[in-house]
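Numbering (the numbering used here), first residue to last: -1 to 455. Backbone N, C-alpha and C define an ideal beta-carbon position, used for all residues, glycine too. Here's the structure we're looking at; comments come further down.
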Ligand code: ASP
Ligand code: MG
């Protein structure tokens, strides 16, 4: 058994939903009884976020209008998915039409229920619990559409509601024991199913309220399921043929990397490679379940395999993370002091702001953050310990591979590749898999190009 996750663009239209249905019922998967995780159709979650924004701002009319437009989009998708026209006047044609009409009716009812629910929250004093309920509707709708379509086309799929097994604990972490027991039970209750369909992204929290695994969290759902059931493989299907060795939006001639170690994939996902949610690698790594990244548009391509690869002693890829702020704190008192760094870190902890990178010297430290929501307060507090300087509009470019320090030369090659581009800070040694360098955001694309030119060509 495998778990296959399809992202928003993979199910972004009636035609795409049909393609995915064909793919998961094709010869490759014959007799496998896989679990299929779906995201909401592309654009839906963003639109649901917009509806919530209107409701927070006490503008139910705006919310209503946005919901109406989204609902009519779904009606068009349903009409195309369950097309009842053109089967001719034969008896078989009439039967096909009747089945399509019934599936269409069922899909319409599911979608209408979701929109009725969204509208029922429009009159209330809107809270973040309501927001989570609204955001959940996207995945509930995409899976309902797919399930009806699969059943219509003769596949025995069952829809397992993620709200019945996907749960987070008091720390917001997946409750693996609960998930595994509940999901196994649901599967056992449906022994005849060929495909188990479920929603990505959505879950319940420790109180049993509807919640989610954060934006882009469907990958995480798939990984949690793969780990909880110790499945053979986690497949993440998107619209690109694997993790590329550089960002194809900025650099020409990038290539998919055929194999990555779990650690390399974590670094890439964290430092900007958009194809995979950063949280997704951990459950797979802990349970040693391989992750395969595949392309829905070109399913025959090999994609990228993420697993416990043997050491390769090579640089595999580079990526970049935007919206970085570097904060430098200089203090005479840091010299031979054992509490200075502690005070600095406590400041960030107090403001719930995670630190990405650190560089230290005897008299100062520079850290980077990617969330500057509390920057002013942080700087205010840090001024008690030393002189503070802030560099905004920075980017982290990050070189990833198996770069154990005993095998000399990696750090030199990475830094050399940037040539005369100004580098604000460098970090290597936090892991064997990553060399990170902070450059001005304006130099990011040039830095990525130079890294590709020098490391891969
Ligand atoms: N639909 C959710 C989002 O857009 C989750 C996902 O697609 O992974 O963030
Ligand atoms: Mg995604």
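The closest CA to that of residue 356, considering only 254, 180, 426, is found on 426. In the three-state DSSP reduction, residue 294 falls in the coil class, being neither helix nor strand.
For residue 131, the Cβ stays outside the 7 Å cut-off from all heavy atoms of the ligand ASP.
In the DSSP assignment, residue 141 falls within the unbroken alpha helix (DSSP H) covering 126 to 150.
Short note on residue 209: C-beta not closer than 7 Å to any heavy atom of the ligand ASP. Here the region 7 to 14 does not lie against the region 162 to 173, with fewer than 3 beta-carbon pairs under 8 Å apart. With a threshold of 7 Å, the Cβ atom of residue 37 counts as near the ligand ASP, since some heavy atom of the ligand is closer than that.
In this structure, residue 324 lies near residue 423, with their beta-carbon atoms less than 8 Å apart.
Non-local C-beta neighbours of residue 207 in its own chain, meaning closer than 8 Å and more than five positions away in sequence, comprise 127, 130, ordered along the chain.
Separation of residue 368 and residue 319 (C-alpha to C-alpha, rounded to the nearest whole angstrom) is 8 Å. With a cut-off of 8 Å on Cβ pairs, the region 300 to 319 is in contact with the region 243 to 258, counting three or more such pairs. It is roughly 14 Å from the alpha-carbon of residue 230 to the alpha-carbon of residue 3. Per the DSSP secondary-structure output, residue 233 pairs in a beta bridge with 2, 290. For secondary structure counted as the alpha helix (DSSP H) over 4 or more consecutive residues, the region 147 to 193 holds these complete runs in sequence order: 174 to 186. By the 16-neighbour rule on beta-carbons within 10 angstroms, residue 142 is buried. Bounds of the beta strand (DSSP E) holding residue 387 are 385 to 399.
Inter-residue distance for residue 49 and residue 409 is about 48 Å (C-alpha atoms, whole angstroms). Counting along the chain, no alpha helix (DSSP H) covers residue 273, and no H or E run does either. A residue is called buried when at least 16 other Cβ atoms come within 10 angstroms of its Cβ; residue 351 meets this threshold and is buried. The criterion of a C-beta distance shorter than 8 Å is satisfied by residue 220 and residue 35. Collapsing the DSSP output to three states places residue 372 in coil. In this structure, DSSP gives residue 418 a state outside helix and strand, which the three-state scheme calls coil. Looking at the DSSP output, residue 197 bridges to 36. Your pair residue 46 and residue 132 checks out as a contact, with CB atoms roughly 5 Å apart and the cut at 8 Å. With respect to residue 101, residue 146 sits close: the two C-beta atoms are nearer than 8 Å. Under the criterion of beta carbons closer than 8 Å, residue 418 and residue 452 do not qualify as touching, at roughly 13 Å. Here residue 266 carries a helix assignment [DSSP, helix/strand/coil]. One Cα belongs to residue 32, the other to residue 275, and the distance between them is close to 22 Å. Counting C-beta pairs closer than 8 Å gives three or more between the region 152 to 162 and the region 189 to 201, which meets the contact rule.
Here residue 227 really is in contact with residue 182; their C-beta atoms are around 7 Å apart, less than 8 Å.
In the three-state reduction of the DSSP assignment, residue 322 falls in the strand class.
By the beta-carbon neighbour count (other beta carbons within 10 angstroms, threshold 16), residue 150 is buried. In the three-state reduction of the DSSP assignment, residue 362 falls in the strand class. Residue 247 and residue 450 have their C-alpha atoms spaced approximately 13 Å apart. Of the other Cβ atoms in all chains shown, fewer than 16 fall within 10 Å of the Cβ of residue 381; this residue is therefore exposed. Exposure of residue 187 is indicated by the presence of fewer than 16 other C-beta atoms within 10 angstroms of its C-beta.
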